[in-house]
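J.:
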Amino acid sequence: MTIISPAKNRNYIRSFIIFFGMAFVVSVIYISGYNAFVNTRYELKILKQDIVKLEEQNADLKNTYYQMTDPTRLEQLAAEHQLILDRQPKYLGSAQ
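The letter at position 25 of the sequence shown is residue 39 when you use the working numbering, and the numbering goes up by one with no holes.
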């Protein structure tokens with residue numbers, strides 16, 4: 015005579031299902047976290063490249079600004095527009 019006890023097998027099956035279900039959930043969380051980390055690292059790399067490009071543009075703009083405000087250039091521009099340098103300017107003020 016064979017004795018079948020399905021209640022014993024149910025506990026093992028339930029334990030395996032719970033174990034593999036939790037392993038699946040943990041692996042999904044790990045993969046999504048790793049994916050977020052990789053994406054952040056890639057964005058950081060791109061942002062660093064953008065910073066380098068912007069620093070180069072800033073240096074070019076500074077060079078242009080310094081060339082435009084060069085004293086010899088300003089003197090030439092003043093001479094073209096017939097401007098004179100006032101040695102003792104008189105400013106408006108409130109005399110009390």
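By construction, the Cβ of each residue, glycine as well, lies at the ideal position given by its N, Cα and C atoms.
Where does Q102 sit, in a helix, a strand or coil, going by DSSP?
T.: Three-state result, Q102: coil.
J.: Please report the straight-line C-alpha distance between Q81 and I98, rounded to a whole angstrom.
T.: Cα to Cα, Q81 sits roughly 21 angstroms from I98.
J.: Report the three-state DSSP secondary structure of G7 (helix, strand or coil).
T.: In this structure the chain extends from 15 to 110, so residue 7 is not present and cannot be described.
J.: Whose C-beta lies closer than 8 angstroms to the C-beta of N25 among residues of the same chain, with five residues either side of it excluded?
T.: Taken in chain order, the list of residues that qualify is empty.
J.: For S108, which of helix, strand or coil comes out of DSSP?
T.: Looking at S108 - three-state DSSP - the assignment turns out to be coil, as it is neither helix nor strand.
J.: By the three-class DSSP mapping on this structure, what secondary structure does L97 have?
T.: Three-state result, L97: coil.
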